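Student: Top line first, the protein sequences correspond to chains F and L.
In terms of our numbering, the first sequence has 374 at position 196, counting the first letter as 1, and numbering is strictly consecutive.
In terms of our numbering, the second sequence has 211 at position 33, counting the first letter as 1, and numbering is strictly consecutive.
Before I ask anything, here is the structure I am working with.
Number of protein chains: 2
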Amino acid sequence: MVEKDYSEVINKIDKIASKIYDDFQNTEIPALGLPTRTKANIKFDDNLSVWKYGKNTTERNAKSLDGAYMLLRTMYMADFIKEMINVKKSSTLREMYYISEGWDMAKFHSQNESNLLAEDLEVITGCMREDFKLRPEEDGARVIGNLTIEEVTRKNDKKKIHCQDDVGDAGYSIPYNVEPEKITFKDIDADFVIAIETGGMFDRLAENGFDTSSRAVLVHIKGQPARSTRRFIKRLCTEKNKPVLVFTDCDPWSYRIFASIAYGAIKTAHISEYLATPASQYLGVTPSDIQNYDLPTDALTKEDIHALKSELSDPRFQDSFWKQEIKLQLKLGKKSEQQALAKYGLDYVTDTYLPEKLAEMGLAKK
Amino acid sequence: MVEKDYSEVINKIDKIASKIYDDFQNTEIPALGLPTRTKANIKFDDNLSVWKYGKNTTERNAKSLDGAYMLLRTMYMADFIKEMINVKKSSTLREMYYISEGWDMAKFHSQNESNLLAEDLEVITGCMREDFKLRPEEDGARVIGNLTIEEVTRKNDKKKIHCQDDVGDAGYSIPYNVEPEKITFKDIDADFVIAIETGGMFDRLAENGFDTSSRAVLVHIKGQPARSTRRFIKRLCTEKNKPVLVFTDCDPWSYRIFASIAYGAIKTAHISEYLATPASQYLGVTPSDIQNYDLPTDALTKEDIHALKSELSDPRFQDSFWKQEIKLQLKLGKKSEQQALAKYGLDYVTDTYLPEKLAEMGLAKK
């Protein structure tokens with residue numbers, strides 16, 4: 179069994195320690211520099227077609243007591259990561275927070291602190307959390323379609339799983355680590371991937387056999403998709419060269435889901451090229467669909483309106499499609515849900531709505 | 179392929195329509211009676227060892243316009259359920275809410291209304307929502323262990339799935355329908371079932387191989403468990419005669435999770451005998467564990483204290499174990515999480531805590 183080579187990761191972690199050590203040797207105040215992680219500091223990377231951090235940087239240094247504690251925590255965390263790599267374990271972010279109980283003065287005071295430090299370490303080293311053997315609580319996103327995945331299991335066996343024939347109706351559960359050392363995509367016989375926001379709609383498409391009738395791989399993204407889900411979609415799109423279509427509710431929060439899949443999220447812009455799928459397209463539900471299909475709606479709340487206006491100034495929503503749709507939605511004052519298509523019966527989404535939308539996008543079945 | 183016989187369900191639904199029809203024939207105001215669904219109206223059923231509704235009843239009648247609409251909706255819903263049975267489809271509760279757009283004056287005004295009516299229909303007919311082909315949004319609970327499940331898939335094939343050898347590391351996803359026509363339990367070679375609250379802890383036990391080393395079937399219940407998860411555990415316990423141990427955080431909300439698994443929930447007391455597993459035992463984390471294992475804690479909030487006090491008067495928490503533990507927790511003023519055991523390292527829970535707790539319960543490995 180080929181195992182992942184972590185020597186590069188260890189090397190990069192060691193460099194952080196060297197930097198602090200050298201600062202002490204040179205009688206300088208120990209410090210680490212890293213990009214500022216805000217909406218104002220994300221720039222479109224033309225080569226990668228994703229949003230990345232710009233040139234603004236922040237410094238973590240030991241000039242204050244809080245800053246010194248932060249650097250001490252960084253050293254402890256680096257040490258913990260090296261130990262996990264060594265004993266072939268991984269840990270949830272929550273577990274790491276509790277592990278710090280044994281770090282004396284470096285103990286975290288909230289999980290927010292430990293999560294932020296994990297992100298800092300990613301930004302500084304250019305590695306991913308998965309390289310550090312850190313993972314979030316599970317998320318349970320699921321896949322159904324004519325796709326064979328090979329997963330290296332915890333017993334170090336390679337297991338081939340066909341996402342229709344070898345799984346129950348709930349589909350294949352995406353594990354928290356979807357890097358190449360863990361899963362590889364084998365055969366796929368499908369024309370595109372549909373990422374679906376709600377479990378109800380995923381199950382509807384599955385029950386109606388849309389994965390077979392339309393040659394689609396269905397991925398349930400479970401609301402705002404976890405990193406592993408975004409990475410899974412990214413790898414599937416890139417390695418198997420399949421279009422990715424995003425099918426969500428019609429509200430500003432769902433557009434953010436699309437943006438995080440297509441362009442990357444602000445929090446994780448340092449790894450956008452690993453997580454984002456620039457080739458993905460928004461399938462619906464659009465504000466135009468509300469009109470064209472006369473869908474049941476709810477009124478926009480104050481928060482919805484604020485979020486839509488904020489999207490008008492978000493660099494990820496600057497093309498004419500999004501500007502038009504967002505302005506239309508503000509004019510309508512309405513939002514809708516993907517399951518609202520059930521107004522016309524349980525088969526309407528697979529018999530009428532999706533075929534019409536796919537035809538519009540030039541993806542109709544031949 | 180043997181298919182479920184729905185004639186009994188249809189028969190019971192038809193009886194509701196007959197009752198209303200007869201009321202009209204007899205020039206009486208149409209009405210349906212059903213038990214009151216409140217904490218004050220649940221009683222312990224000694225035969226079944228679960229909590230069921232008592233004798234208080236409520237009447238839905240057409241004396242008011244709202245009541246008349248409610249009966250009209252009941253007729254439309256009964257009709258929709260019969261149609262789904264007929265065309266072999268199922269629908270989410272959310273879809274049914276939108277389906278009602280076509281019911282003219284009987285249209286639901288909120289999903290709460292449609293959910294409540296689905297529960298009313300269960301109470302009136304003695305059937306389960308699953309019999310009506312209604313289901314919630316998916317929940318994604320997962321199973322890992324030495325257990326073989328046979329699932330009848332959407333293509334009507336029987337598929338055998340071993341919950342270690344035939345699944346990825348994320349385990350087997352429990353489908354929304356776990357009735358005998360959908361899944362059956364084949365071979366099991368394990369000593370007990372552990373129902374685990376958090377995904378992080380489920381993944382910890384899986385990574386540490388606790389399912390193999392301790393001969394346990396691990397079920398991730400995902401916080402407050404969905405009906406399908408509770409029904410799955412109930413069937414596994416009863417049909418395979420295995421003890422069920424519930425492993426949660428140490429706070430009043432987690433005790434409610436235990437209570438819903440062991441004794442039934444107030445909202446679903448009409449089907450407690452299908453959902454509750456009276457033989458299940460609370461494994462931890464207990465307030466005593468906070469002291470015995472010196473666990474990291476957070477202070478109880480005002481809401482926590484209120485919930486604990488309310489549990490002291492809840493008929494489901496009247497035995498000496500719960501009274502002692504809840505009183506101890508109120509005295510300590512602290513709560514803790516199952517992942518707090520990571521204070522002593524990632525293996526402590528499987529090497530020390532669980533073996534000690536299992537030994538206390540007389541379930542230690544021989």
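Every residue gets a Cβ at the ideal spot worked out from N, C-alpha and C, and that includes glycine.
Please read these numbers as outputs of a predicted model, since none were measured by experiment.
Evaluate the contact criterion for the stretch 500–512 of chain F versus the stretch 441–448 of chain F: three or more CB pairs, one atom per stretch, below 8 Å.
Tutor: no
Student: Which bits of chain F does L:GLY378 rub up against, with CB to CB less than 8 Å?
Tutor: THR270, ARG272, GLU273, GLU315, GLU316
Student: Which word fits F:MET179, buried or exposed, when buried means at least 16 other C-beta atoms lie within 10 angstroms of its C-beta?
Tutor: Bear in mind that a pLDDT of 43 at F:MET179, under 50, signals an unreliable position, so the number given afterwards is only what the model happens to contain. Per the 10 Å Cβ criterion, exposed.
Student: Does the distance from the CB of F:GLY442 to the CB of F:VAL301 come in under 8 Å?
Tutor: no
Student: Taking Cβ positions, are L:ASP367 and L:ILE322 nearer each other than 8 Å?
Tutor: no
Student: I believe L:TYR531 touches L:TYR471 by the beta-carbon criterion, under 8 Å. Please report the beta-carbon distance rounded to the nearest angstrom.
Tutor: 7 Å
Student: Determine, using beta carbons only, whether L:PRO403 comes closer than 8 Å to chain F.
Tutor: no
Student: Looking at the unbroken alpha helix (DSSP H) that takes in L:ALA246, where does it start and where does it end?
Tutor: 243–265
Student: Sort L:LYS333, L:ASP343, L:LYS336, L:ILE327 by Cα distance to F:VAL330 and report the nearest one.
Tutor: L:ASP343
Student: Which residue marks the beginning of the alpha helix (DSSP H) containing F:ASN239, and which one marks its end?
Tutor: From DSSP, F:ASN239 is part of no alpha helix (DSSP H) but of the beta strand (DSSP E) over 235–239.
Student: Counting only the same chain and skipping the five closest in sequence on each side, list residues whose C-beta sits under 6 Å from that of F:LEU383.
Tutor: If we look at F:LEU383 and ignore the five residues flanking it on each side, its Cβ neighbours are LEU396.
Student: Beta carbons nearer than 7 Å to chain F: which residues of the stretch 205–236 of chain L have them?
Tutor: Listed in sequence order: no entries.
Student: Throw me the rounded Cβ distance for the L:ASN234 and L:PRO213 pair, which I believe falls under 8 Å.
Tutor: The pair is a contact, with the Cβ atoms about 7 Å apart (cut-off 8 Å).
Student: Jot down the residue ranges of each uninterrupted beta strand (DSSP E) in the stretch 439–495 of chain F, minimum 3 residues, whole runs only, in chain order.
Tutor: 459–462
Student: Where does F:ALA373 land, buried or exposed, given buried means 16+ other C-beta within 10 angstroms?
Tutor: buried
Student: If you draw a straight line from the alpha carbon of L:MET379 to that of F:ALA437, how long is it in whole angstroms?
Tutor: Linking L:MET379 to F:ALA437 through their CA atoms gives a straight-line distance of about 31 Å.
Student: Have a look at the DSSP bridge pairing and note the partners of F:CYS428.
Tutor: Beta-bridge pairing links F:CYS428 to F:SER514.
Student: Go ahead and label F:THR455 buried or exposed: buried means 16 or more other beta carbons lie within 10 angstroms of its beta carbon, across all protein chains shown.
Tutor: buried
Student: Check the DSSP bridge columns for L:GLU329 and list the partner residues they point to.
Tutor: L:LYS337, L:ILE361
Student: Would you say the beta carbon of F:VAL395 comes nearer than 7 Å to a heavy atom of the ligand SAM?
Tutor: Ligands displayed in this structure: none; no statement on the ligand SAM is therefore possible.
Student: List the residues of chain F that L:ALA518 touches, going by C-beta distances under 7 Å, in chain order.
Tutor: TYR276
Student: Where do the ends of the beta strand (DSSP E) carrying L:ASP223 lie?
Tutor: 220–223
Student: Hey, how far is the Cα of F:ASP429 from the Cα of F:LYS509?
Tutor: 13 Å
Student: For F:ILE263 and L:ALA542, what's the separation of their Cα atoms in angstroms?
Tutor: 31 Å
Student: Going straight from the alpha carbon of F:ALA319 to that of F:ASP200, what length do you get?
Tutor: 44 Å
Student: Rounded to the nearest angstrom, what separates L:LYS487 and L:ILE220 at their Cα positions?
Tutor: 19 Å
Student: Please classify F:ILE352: does DSSP put it in a helix, a strand, or coil?
Tutor: coil
Student: I want to see whether chain F comes within less than 8 Å of L:ASP201, judged by CB atoms only; does it?
Tutor: no
Student: Among all the DSSP beta bridges, which residues are the ones paired with F:SER498?
Tutor: DSSP lists no partner for F:SER498.
Student: Can you name the start and end residues of the alpha helix (DSSP H) that F:GLY211 belongs to?
Tutor: No alpha helix (DSSP H) contains F:GLY211, which is instead part of the beta strand (DSSP E) from 209–213.
Student: Inspect the CB distances between the stretch 349–358 of chain L and the stretch 344–356 of chain F and report whether three or more fall short of 8 Å.
Tutor: yes
Student: Can you give the Cα-Cα distance for L:ILE361 and L:ILE327, rounded to whole angstroms?
Tutor: 7 Å
Student: For F:GLU385, which residues in chain L fall below 8 Å Cβ to Cβ?
Tutor: The answer, in chain order, is LYS267, SER268, ARG332.
Student: Under 8 Å between beta-carbons, which chain L residues line up against F:GLU489? List them in chain order, please.
Tutor: Near F:GLU489 there are no residues of chain L at all, since even the closest Cβ is about 25 Å away, more than 8 Å.
Student: Quick one: does L:MET471 have its CB under 8 Å from some CB of chain F?
Tutor: Sequence check: residue 471 of chain L is Tyr here, not Met. No, because no Cβ of chain F sits closer than 8 Å to the Cβ of L:TYR471.
Student: Compare the C-beta of F:LEU510 with all C-beta atoms of chain L and state if any pair is closer than 8 Å.
Tutor: no
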